[in-house]
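Below is one structure, written out as structure tokens; comments come after it.
2 protein chains.
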Amino acid sequence: MGVGISFWVSLWDLGLGVWDLTSSLHQQVRRTIRRHGLVPPGARVLVGLSGGSDSVALTRLLLDLAEHGEFTVAGLAHLNHQLRASAERDESFCRLFAQRLGLPIVVEAVDVRAYAQAHTLSIEDAARRLRYAFLERVAADIGADRIAVGHTQDDQAETFLLKLMRGAGLTGLAGIYPRRGAVIRPLLDVTDVDLQAYLASQGEPWVEDETNDDLDNPRNRVRHVILPELDRAAGGSTHPAIARAAGLIREDGQWLDELGRERVRALAVRTGNRLELDLRSLAELPPPVLRRVLLLALRAAAGTREVGLEHVEAVAALLSGTQGGVDVPGSRVELRGGKLVLLQQGAV
Amino acid sequence: MGVGISFWVSLWDLGLGVWDLTSSLHQQVRRTIRRHGLVPPGARVLVGLSGGSDSVALTRLLLDLAEHGEFTVAGLAHLNHQLRASAERDESFCRLFAQRLGLPIVVEAVDVRAYAQAHTLSIEDAARRLRYAFLERVAADIGADRIAVGHTQDDQAETFLLKLMRGAGLTGLAGIYPRRGAVIRPLLDVTDVDLQAYLASQGEPWVEDETNDDLDNPRNRVRHVILPELDRAAGGSTHPAIARAAGLIREDGQWLDELGRERVRALAVRTGNRLELDLRSLAELPPPVLRRVLLLALRAAAGTREVGLEHVEAVAALLSGTQGGVDVPGSRVELRGGKLVLLQQGAV
Numbered sequence: 017m018g019v020g021i022s023f024w025v026s027l028w029d030l031g032l033g034v035w036d037l038t039s040s041l042h043q044q045v046r047r048t049i050r051r052h053g054l055v056p057p058g059a060r061v062l063v064g065l066s067g068g069s070d071s072v073a074l075t076r077l078l079l080d081l082a083e084h085g086e087f088t089v090a091g092l093a094h095l096n097h098q099l100r101a102s103a104e105r106d107e108s109f110c111r112l113f114a115q116r117l118g119l120p121i122v123v124e125a126v127d128v129r130a131y132a133q134a135h136t137l138s139i140e141d142a143a144r145r146l147r148y149a150f151l152e153r154v155a156a157d158i159g160a161d162r163i164a165v166g167h168t169q170d171d172q173a174e175t176f177l178l179k180l181m182r183g184a185g186l187t188g189l190a191g192i193y194p195r196r197g198a199v200i201r202p203l204l205d206v207t208d209v210d211l212q213a214y215l216a217s218q219g220e221p222w223v224e225d226e227t228n229d230d231l232d233n234p235r236n237r238v239r240h241v242i243l244p245e246l247d248r249a250a251g252g253s254t255h256p257a258i259a260r261a262a263g264l265i266r267e268d269g270q271w272l273d274e275l276g277r278e279r280v281r282a283l284a285v286r287t288g289n290r291l292e293l294d295l296r297s298l299a300e301l302p303p304p305v306l307r308r309v310l311l312l313a314l315r316a317a318a319g320t321r322e323v324g325l326e327h328v329e330a331v332a333a334l335l336s337g338t339q340g341g342v343d344v345p346g347s348r349v350e351l352r353g354g355k356l357v358l359l360q361q362g363a364v
Numbered sequence: 017m018g019v020g021i022s023f024w025v026s027l028w029d030l031g032l033g034v035w036d037l038t039s040s041l042h043q044q045v046r047r048t049i050r051r052h053g054l055v056p057p058g059a060r061v062l063v064g065l066s067g068g069s070d071s072v073a074l075t076r077l078l079l080d081l082a083e084h085g086e087f088t089v090a091g092l093a094h095l096n097h098q099l100r101a102s103a104e105r106d107e108s109f110c111r112l113f114a115q116r117l118g119l120p121i122v123v124e125a126v127d128v129r130a131y132a133q134a135h136t137l138s139i140e141d142a143a144r145r146l147r148y149a150f151l152e153r154v155a156a157d158i159g160a161d162r163i164a165v166g167h168t169q170d171d172q173a174e175t176f177l178l179k180l181m182r183g184a185g186l187t188g189l190a191g192i193y194p195r196r197g198a199v200i201r202p203l204l205d206v207t208d209v210d211l212q213a214y215l216a217s218q219g220e221p222w223v224e225d226e227t228n229d230d231l232d233n234p235r236n237r238v239r240h241v242i243l244p245e246l247d248r249a250a251g252g253s254t255h256p257a258i259a260r261a262a263g264l265i266r267e268d269g270q271w272l273d274e275l276g277r278e279r280v281r282a283l284a285v286r287t288g289n290r291l292e293l294d295l296r297s298l299a300e301l302p303p304p305v306l307r308r309v310l311l312l313a314l315r316a317a318a319g320t321r322e323v324g325l326e327h328v329e330a331v332a333a334l335l336s337g338t339q340g341g342v343d344v345p346g347s348r349v350e351l352r353g354g355k356l357v358l359l360q361q362g363a364v
């Protein structure tokens, strides 16, 4: 009888545990969707499906949330990258998964290697570009207005650290955006571990990514070496803290970028190859807005050339000095008659 | 004769190399001082001296820059922390260094361990608090209006990573400030390696910190394990990129914090234990400013209790909902008649 009771208690605990897990996961995803306005009422959502735990869980969670009738899961899309031995297995898995859920699925195969070579891109960049082009195409074909992809808090933390160490300080530290055009990322506030626990509790299978052990690849080093080391130093998972920081920095940056665009539109006067900004108006800008105005002005003059933080700083130094000029990509910048003047190259 | 020429060339190269190094280091420090307005004209600067390469180089660099007459190095201050076997050696070194440069020096010894115990602080926190209190005291005694300390780009990168992994997302991600009150950090844009190369080129000795190998200490783990791993993943030093990111994030955050303070002063109406904010005015704020206004309002109601990001988010969720209330540290927050109302605990 003692056994009976403890059996009951265990089931009860388990039941509550699963219920809590599922419920809080759904709540978190719904919160992310609401907070960033990811899915407008009545939207038709296409889900990008790799067959991994993230995108399988994404499909299941969106189907559950769609039951309230606020939006529809319009279908699935799987791109066979033909990069790994498991590519065919993954494709069949996705087809069967779609069939079981009664969802339409579009599958296509691409030659990532050939594309990468033709466009001198890394395999990772080529795959990303092909994948999003494919998803946009399928969305247009099936009349979907949102494309959901499975990036999680773990991806967010990795991307943030990668950008941090590469010095993407001026514009790119924000990490992964919850939404970019039609692409939405409802899982950005949940972890891989929680998603896998949820799938396990539902008896829902997924395919494992072939582990990429190549530690020469920076992303793998961040995932397999650096993040675990950070966790060890902090005495617990650092992913939530890093992902949250990335989100706050993104939010700050997005609004400041917007202010910068507004101000440069109001202040910059273009005449032929000459771009002028009034020095007194620039002096009134707070440093974060000034930095963005200078970046945008330098970019406008630079054409396709890269403008870096060092160029923005050089022009900022010019502003705080009394005279002189400085050469930046595509133009020369000088102080003339109360104006900051950008002379596009060849126009001096 | 061939030998003679190559000897000449080597000396010439070396000479130029040293000259360039010194010159660019001085320029960088001068740039940091100018950019952040660290030293007002005619200022008297006290230098905090540990005897390590950073603070020895700081003293030398400031003396060189002071030759232009824009400010004076008023003296040195060394605090003997009595924590390591080398403490006495370091103290004598500092006294001799000051004597050689003809600068006044104030030396004091403290019992960090006892202070840490009495105030339940970590040794690191206790040492920091005692050190800054000592420096402020000496500055007042000798009539110095600025206190220069030797934090470098390396310290900046370490501190940023530590804060990142600890989740100091809401206010603390900025890392080390170039200036806080009278304390200034002119070396924040230069590296330990460059400072040591400069001292070596000048034949200027310094004392080595006893290496702290205790990898259970998070800062040591960041310094000895995580930053080298990041460098390996990036294929080069990541300190400059991380320090630069910290600086940009600080600049953005400082201005946004200021906007938040301005808005909360304009919007918050306090009546007894009640703090009210007009909902329509809140709705007009951009997300980064709204977040700061809510944080400041919650803090005002929380007294000494900690307010976290989760509380700010809970209130933000309340704003985007239609009704209800939420409990936060020290108060209950509700929507009532077009207002966000914070009721301090015990006042419901």
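Chains as they are written, first to last, in the working numbering: chain A, 17 to 364; chain B, 17 to 364.
We treat Cβ as the ideally placed atom computed from N, Cα and C, and that holds for glycine.
Worksheet item: Would you say VAL344 of chain B faces chain A, with C-beta separation under 8 Å as the test?
Response: No - not a single Cβ of chain A is within 8 Å of the one on VAL344 of chain B.
Worksheet item: Between the stretch 263–278 of chain B and chain A, which residues of the former have CB atoms less than 9 Å from a CB of the latter, in chain order?
Response: The residues in question are GLY263, LEU264, ILE265, GLU267, ASP268, GLY269, GLN270, TRP271, LEU272, GLU274, LEU275.
Worksheet item: For CYS110 of chain A versus GLY67 of chain A, is the C-beta distance shorter than 8 Å?
Response: Result yes, Cβ atoms of CYS110 of chain A and GLY67 of chain A sit closer than 8 Å.
Item to complete: Taking LEU293 of chain B as the reference, give the member of B:PRO304, B:THR254, B:VAL309 with the closest Cα.
Response: Nearest of B:PRO304, B:THR254, B:VAL309 to LEU293 of chain B, Cα basis: B:VAL309.
Worksheet item: Looking only at its own chain, which residues have a Cβ that is under 7 Å from the Cβ of ALA125 of chain B, when we skip the five neighbours before and after it?
Response: Around ALA125 of chain B: ASN96, GLN98.
Worksheet entry | Closer than 7 Å at the beta carbon, the chain B residues around ALA249 of chain A | Chain order gives the chain B residues near ALA249 of chain A as MET181, PRO234, ARG237, VAL238, ILE242, where near means a beta carbon separation below 7 Å.
Worksheet item: Once you ignore the five residues that flank ILE49 of chain A on each side, which residues in its own chain have a CB closer than 7 Å to its CB?
Response: Excluding residues within five positions, the ones whose Cβ falls inside 7 Å are VAL55, PRO202.
Worksheet item: How is ILE192 of chain B classed by DSSP in three states: helix, strand or coil?
Response: The answer is coil: DSSP assigns ILE192 of chain B none of H, G, I, E or B.
Item to complete: Just the C-alpha distance for GLY183 of chain B and HIS327 of chain B, rounded to the nearest angstrom, thanks.
Response: Distance from the CA of GLY183 of chain B to the CA of HIS327 of chain B, rounded to the nearest whole angstrom, comes to 15 Å.
Worksheet item: Is any beta-carbon of chain D found at less than 8 Å from that of THR75 of chain B?
Response: Protein chains A and B are contained in the structure displayed, whereas chain D is not.
Worksheet item: Is GLY337 of chain B near the ligand SAH, in the sense that its beta carbon is under 7 Å from a heavy atom of that ligand?
Response: Here there are no bound small molecules, and the ligand SAH is not part of this structure.
Worksheet item: Under three-state DSSP, which class holds SER253 of chain B?
Response: SER253 of chain B sits in coil when the DSSP states are folded into three classes, being neither helix nor strand.
Item to complete: Could you tell me which of B:ARG47, B:LEU146, B:GLY354 sits nearest to GLY64 of chain B, measuring between CA atoms?
Response: Nearest of B:ARG47, B:LEU146, B:GLY354 to GLY64 of chain B, Cα basis: B:LEU146.
Worksheet entry | Straight-line gap, ARG266 of chain B to ARG195 of chain B (C-alpha atoms, nearest Å) | Straight across, the Cα-Cα distance linking ARG266 of chain B with ARG195 of chain B is about 12 Å.
Worksheet item: Of the choices A:SER297, A:VAL305, A:VAL280, whose alpha-carbon is the least far from that of ALA317 of chain A?
Response: ALA317 of chain A has its Cα closest to that of A:VAL280, out of A:SER297, A:VAL305, A:VAL280.
Worksheet entry | Rounded straight-line distance, which links the Cα of ASP210 of chain A to that of LEU204 of chain A | Their Cα atoms are separated by approximately 12 Å.
Worksheet entry | Alpha-carbon to alpha-carbon, GLN270 of chain B and LEU312 of chain B | Near 14 Å, if we compare the C-alpha coordinates of GLN270 of chain B and LEU312 of chain B.
Practice prompt. Measure the C-alpha to C-alpha separation of ASN233 of chain A and ALA250 of chain B and round it to an integer number of angstroms.
Written response: Per the coordinates, the alpha-carbon of ASN233 of chain A lies some 9 Å from the alpha-carbon of ALA250 of chain B.
Discussion item. Nearest by alpha-carbon distance to ALA164 of chain B: which of B:ASN289, B:ALA198, B:VAL344 is it?
Written reply: The option with the nearest alpha carbon to ALA164 of chain B is B:ALA198.
Worksheet item: Can you give the Cα-Cα distance for ILE121 of chain A and ALA333 of chain B, rounded to whole angstroms?
Response: Approximately 35 Å, taken between the alpha carbons.
Discussion item. 8 Å is my cut-off, CB to CB: does ILE192 of chain B come that close to chain A?
Written reply: Interface annotation, ILE192 of chain B: not in contact with chain A, CB-CB separation never under 8 Å.
Worksheet item: Under a CB-based cut-off of 8 Å, is ALA257 of chain B close to chain A?
Response: Taking Cβ atoms only, chain A reaches closer than 8 Å to ALA257 of chain B, which makes this a yes.
Discussion item. On the criterion of 16 or more Cβ atoms from any shown chain inside 10 Å, does THR287 of chain A qualify as buried, or is it exposed?
Written reply: By the 10 Å Cβ count, THR287 of chain A comes out exposed.
Worksheet item: Once you ignore the five residues that flank GLN169 of chain A on each side, which residues in its own chain have a CB closer than 7 Å to its CB?
Response: Cβ neighbours of GLN169 of chain A beyond the five flanking positions: LEU204, ASP205, VAL206, THR207, HIS255, PRO256, ALA259.
Worksheet item: Helix, strand or coil: which one does DSSP assign to VAL89 of chain B?
Response: When secondary structure is reduced to three states using DSSP, VAL89 of chain B falls in the strand class.
Worksheet item: Which same chain residues, not among the five before or five after ASP36 of chain B, have their C-beta less than 8 Å away from its C-beta?
Response: In this predicted model, ASP36 of chain B has a pLDDT of only 46, less than 50, meaning its place in the structure is not dependable enough to derive any value.
Practice prompt. Can you grab the Cα-Cα spacing for the pair ASN236 of chain B / ASP141 of chain B, in whole Å?
Written response: ASN236 of chain B and ASP141 of chain B: Cα-Cα distance of roughly 15 Å.
Worksheet item: Do LEU180 of chain A and ALA261 of chain B have their CB atoms nearer than 8 Å?
Response: Note that the C-beta distance between LEU180 of chain A and ALA261 of chain B is below 8 Å.
Discussion item. Give me, in chain order, the residues of the same chain whose beta-carbon lies closer than 7 Å to that of ARG239 of chain A; leave out the 5 immediate sequence neighbours on both sides.
Written reply: Taken in chain order, the residues that qualify are GLU174.
Fill in: Endpoints, beta strand (DSSP E) assigned at VAL342 of chain A
Taken as a continuous stretch (DSSP letters only), the beta strand (DSSP E) holding VAL342 of chain A covers 341–344.
Fill in: Closest Cα partner of ALA93 of chain B within the set B:GLU86, B:LEU81, B:ALA156, B:LEU41
It is B:ALA156.
Practice prompt. Given a cut-off of 8 Å, decide if LEU335 of chain A and LEU314 of chain A are closer than it, judged by their beta-carbon atoms.
Written response: Cβ atoms of LEU314 of chain A and LEU335 of chain A: not closer than 8 Å.
Item to complete: Output yes or no for whether 8 Å exceeds the beta carbon distance between ILE192 of chain A and ASP225 of chain A.
Response: No, Cβ-Cβ distance for ILE192 of chain A and ASP225 of chain A is not below 8 Å.
Item to complete: Figure out for me which residue from B:ASP70, B:ALA299, B:ALA82, B:LEU119 has the closest Cα to the Cα of VAL223 of chain B.
Response: Considering only alpha carbons, the answer is B:ASP70.
Worksheet item: Where HIS167 of chain B and VAL349 of chain A are concerned, what is the direct C-alpha to C-alpha distance, given to the nearest angstrom?
Response: Cα to Cα, HIS167 of chain B sits roughly 34 Å from VAL349 of chain A.
Practice prompt. Have a look at the DSSP bridge pairing and note the partners of GLY269 of chain B.
Written response: In the DSSP output, where bridge partners are listed per residue, GLY269 of chain B has none listed.
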